[in-house]
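For reference, the structure is listed below as structure tokens.
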Amino acid sequence: MERGGLLDPFVDSPVNCKHCFGVAKEPYIQCMQCEKSRDNDNVVICVPCFAKGAEFGVHKNDHSYLVIRSDYSLFEPSWQAKEESMLINAINDCGIGNWQEVSYHVPDKSAEQCKSHYIKYYIENAHPELPQLQERQSIDIVHPQPVVYTGGIDDPPRPLPGTAGSRDMAGYNAARGDFDTEYDNNAEVDIQDLDFMLFEEDEKPSLGTELQVALLDMYRRRLGERYRRKRLIRNHGLIAASKTIIRLNRYRRCVPQSFGDVLPKFFSIIGFMEINLLLEGLKCEAELKRQISDLMEYRSNGISKQMGIMTYETLKKNREINLRERRNLVVSENDGIDIKWNILNKNVTNLDTVIPSSSRRVSIPLNISGKPGYENLSDIEKQIASELRLVPEDFLRFKSLFVEECRKLNGLRLAQARTLIKIDVNKIRKIYDYLLSAGLIHTPRK
């Protein structure tokens, strides 16, 4: 009796003959009368032992039997029953949808073949004897919600003439694609009175005609410049000035000031996407520099694991707060501060650390590591800029300004330096003294 049909389970793992204990290869024989053995396996006999009429235990050679084989097709000729079993087991292990991994477990079948065969014969045209898929009712019931009217959008696409939005867009008329006041708005005035009939022409054009043609050529060039500017404004989204400023301010910290001043000049030679990629690249570079600087700080303080960073940052913040409080502490006759209490709580023995010598508030040095222009400073310049709380770009700008002014005037006095920049005079004096001691500037020579 030969097995066939969908209800018979296939055995993928090797089975052993109960008589010779060898691996029973298909086709093999399964006894239908003997009960399962102690290890809950069917009584399987290989073909050579079955042909010899082998008998063992309670099994007799006249028992009814079943021929086990899987080299036939169930649904289509190109798929054998054994491959069907491999497909089902692979989907059970790898999950439905992971067809590339499923195909590794089914020899000679691609991922697309496994997918199409399973969907066609197990889902769309499933056999009646196969287990039916039960559709589960969703417990998440979405009820329609009314949309609340918010009174219109804040930024209409076409602001009314004379409104703040229209002024912000420089009088741009979206319906026409033009501005109320065009670039070089009086270009048409120069050609409004041209008349080519004023001059008599012989065989060659007269001088007056050539002059009028030259005026037309100039007008054409001015129109070309007008269209070029409008094209740049449209391609780079520069119509709304406020939005453009907001977009560029995102990159202010990561783009050097010298580059930011000339950035609009790149709009005429670089497209919108290329400009954005350039700015994002500079932003990413600045972020990486900041992260590297932070990691170097952590490593220099003995931190080698991620879990110690949070503790370090907390302690660093508390330490900065304590230093700020100690430096801002001012003692006068009427403030009622208990000096002894401050000494005991701050664990110091020197009164100068608790009681400042003057009422001036001492600022904390600024952390400028990783900021734009930091690499261009020398070690002493980094220290001075940090103490004066100046970013590297400002310090370099003041330095170049003093050096250039000294070269123009053949010397520079402190009073002259104070008129060049509008910052604290004490900061100007420290910068001036440093440049003077470094030989970068000098006082006027007689």
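In terms of the UniProt record's numbering, the sequence shown is residues 1 to 446. For glycine and all other residues, C-beta sits at the position ideal for the given N, C-alpha and C.
Simplified DSSP assignment, three categories, for H236: As a first step, residue 236 is located in the sequence shown; it is residue number 236 there, counting from the start. Helix, per DSSP.
Taking Cβ positions, are S293 and S369 nearer each other than 7 angstroms? Within the sequence shown, residue 293 is the residue found at index 293, counting from 1. Within the sequence shown, residue 369 is the residue found at index 369, counting from 1. Yes, the pair counts as a contact, with Cβ atoms nearer than the cut-off.
Endpoints, the beta strand (DSSP E) within which C31 is located: Indexing the sequence shown from 1 puts residue 31 at position 31. Counting along the chain, the beta strand (DSSP E) containing C31 begins and ends at 28-31.
With a cut-off of 8 angstroms, do at least 3 Cβ pairs link the region 422-433 to the region 385-403? yes
According to DSSP, simplified to helix, strand and coil, what is Y172? Against the sequence shown, residue 172 aligns to sequence position 172. It is a strand residue.
Considering only residues of the same chain and omitting the five flanking positions on each side of G171, which have a CB-CB separation below 7 angstroms? In the sequence shown, residue 171 corresponds to position 171, counting from 1. Here the set comprises F179, D180, T181.
Opening and closing residue of the beta strand (DSSP E) in which I309 lies: For the purposes of this step, residue 309 is taken as residue 309 along the sequence shown, with counting starting at 1. I309 -> not in any beta strand (DSSP E); alpha helix (DSSP H) instead, spanning 307-327.
On a Cα-Cα basis, can you pick out the residue from F75, G22, N410, R221 that is closest to H127? Your numbering for residue 127 matches position 127 in the sequence shown. Closest option to H127, Cα to Cα, is F75.
Pull up the distance between the alpha-carbon of R220 and that of Y374, whole angstroms please. Here the question's residue 220 lines up with position 220 in the sequence shown. Here the question's residue 374 lines up with position 374 in the sequence shown. Near 49 angstroms, if we compare the C-alpha coordinates of Y374 and R220.
Y374 - DSSP class collapsed to helix/strand/coil: One-based indexing of the sequence shown puts residue 374 at position 374. It is helical.
Contacting residues, own chain, Cβ-Cβ under 7 angstroms from S358 (five flanking each side not counted): As a first step, residue 358 is located in the sequence shown; it is residue number 358 there, counting from the start. At S358 the pLDDT is 44, less than 50, meaning the model places this residue with poor confidence and gives no usable figure here.
Buried or exposed for A81, please, with buried defined as at least 16 other CB atoms from any protein chain shown within 10 angstroms of its CB. Position 81 of the sequence shown, counted from the start, is the residue given in the question as residue 81. Burial call: buried.
Cα-Cα separation between L412 and D433, rounded to whole angstroms: Locating residue 412 in the sequence shown gives position 412, where the first residue counts as 1. Locating residue 433 in the sequence shown gives position 433, where the first residue counts as 1. So the alpha carbons of these two residues sit roughly 11 angstroms apart.
Since I believe H63 is in contact with Q30 (beta carbons under 8 angstroms), could you give me their beta-carbon distance rounded to a whole number of angstroms? Your numbering for residue 30 matches position 30 in the sequence shown. Your numbering for residue 63 matches position 63 in the sequence shown. No, Q30 and H63 are not in contact; Cβ-Cβ is about 10 angstroms, not under 8 angstroms.
Out of I321, M273, Y118, A214, which has the shortest C-alpha to C-alpha gap to N98? Counting from 1 along the sequence shown, the entry for residue 98 is found at position 98. Ranking I321, M273, Y118, A214 by Cα distance to N98 puts Y118 first.
Determine the extent of the beta strand (DSSP E) in which I68 is found, giving its start and end residues. Position 68 of the sequence shown, counting from 1, holds the residue named residue 68. Per DSSP, I68 belongs to the beta strand (DSSP E) from 65-68.
Let me know if M218 comes out buried or exposed under the rule of 16 or more other beta-carbons within 10 Å of its beta-carbon. Translated into positions along the sequence shown, residue 218 becomes position 218. Label assigned to M218: exposed.
Using the rule of at least 16 other Cβ atoms within 10 Å of the residue's Cβ for burial, across every protein chain shown, is S437 buried or exposed? Taking the first residue of the sequence shown as 1, we reach residue 437 at position 437. With fewer than 16 Cβ atoms within 10 Å of its Cβ, S437 is classed as exposed.
What is the DSSP secondary structure of D178, counted as helix, strand or coil? Position 178 of the sequence shown, counted from the start, is the residue given in the question as residue 178. DSSP places D178 in strand when its eight states are reduced to three.
Using only CA atoms, which one of L238, S78, R319 lies nearest to F272? The residue you call residue 272 lines up with position 272 of the sequence shown. Measuring from the Cα of F272, the nearest candidate turns out to be L238.
Helix, strand or coil for S117 per DSSP? As a position in the sequence shown, residue 117 is number 117, starting the count at 1. One detail in the question is off: residue 117 reads as His in this sequence, not Ser. The answer is helix: DSSP assigns H117 an H, G or I state.
Compute the Euclidean distance between the alpha carbons of V67 and C49, then round it to the nearest angstrom. To locate residue 67, count along the sequence shown from 1; it is residue 67. To locate residue 49, count along the sequence shown from 1; it is residue 49. C-alpha separation (whole angstroms): 14 angstroms.
Could you check the C-alpha separation between Q416 and I428 for me, to the nearest Å? Counted from its first residue, the sequence shown places residue 416 at position 416. Counted from its first residue, the sequence shown places residue 428 at position 428. Computed Cα separation, rounded: 11 angstroms.
What does a CB cutoff of less than 7 angstroms around V23 pick up in its chain, not counting 5 residues either side in sequence? Looking up residue 23 in the sequence shown gives position 23. P14, N16, listed in sequence order.
Between the CA atoms of E393 and L435 - distance to the nearest angstrom: The residue given as residue 435 occupies position 435 in the sequence shown. The residue given as residue 393 occupies position 393 in the sequence shown. Those two C-alpha atoms are separated by around 16 angstroms.
Starting from the C-beta of E101, find all residues in its chain whose C-beta is less than 6 angstroms away, skip the five residues before and the five after it, and write them out in chain order. Position 101 of the sequence shown, counting from 1, holds the residue named residue 101. Here the set comprises C94.
As assigned by DSSP and simplified to three states, the class of F199: The count along the sequence shown starts at 1 and reaches residue 199 at position 199. Coil at F199, not helix or strand.
Which parts of the UniProt domain "HTH myb-type" (78-126) are runs of the alpha helix (DSSP H), unbroken and 4 residues or longer, counting only runs that do not cross its ends? 81-94, 99-105, 111-118
Spatially closest choice to L409 from R445, F398, S378, by CA coordinates: By one-based count along the sequence shown, residue 409 stands at place 409. The shortest C-alpha separation from L409 is found at R445.
Between L198 and the rest of its own chain, which residues show a CB-CB distance below 7 angstroms, the 5 nearest in sequence each way excluded? Counting from one through the sequence shown, the residue named residue 198 turns up at place 198. So the qualifying residues of the chain are G208.
Alpha-carbon to alpha-carbon, N125 and E112: Here residue 112 is taken as the residue at index 112 of the sequence shown, counted from 1. Here residue 125 is taken as the residue at index 125 of the sequence shown, counted from 1. Computed Cα separation, rounded: 18 angstroms.
Rounded Cβ spacing between A51 and N61 (contact assumed at less than 8 angstroms): Counting from one through the sequence shown, the residue named residue 51 turns up at place 51. Counting from one through the sequence shown, the residue named residue 61 turns up at place 61. That belief does not hold up - the Cβ atoms of A51 and N61 are roughly 10 angstroms apart, past 8 angstroms.
Which term fits S103, buried or exposed, when burial requires 16 or more other beta carbons within 10 angstroms of its beta carbon? In the sequence shown, counting from the first residue as 1, residue 103 sits at position 103. Buried, because 16 or more other Cβ atoms sit within 10 Å of the Cβ of S103.
Please state the DSSP three-state secondary structure of S300. Within the sequence shown, the letter at position 300 stands for residue 300. Note: S300 maps to helix in three-state DSSP.
Please list the terminal residues of the continuous alpha helix (DSSP H) segment that includes E129. Locating residue 129 in the sequence shown gives position 129, counting from the first residue. Premise fails: E129 is in no alpha helix (DSSP H) and is neither H nor E.
For F267, which residues of its own chain have a beta-carbon under 6 angstroms away from its beta-carbon, when the five flanking residues on both sides are left out? Residue mapping note: residue 267 aligns to position 267 of the sequence shown, counting from 1. Cβ neighbours of F267 beyond the five flanking positions: L232, H236.
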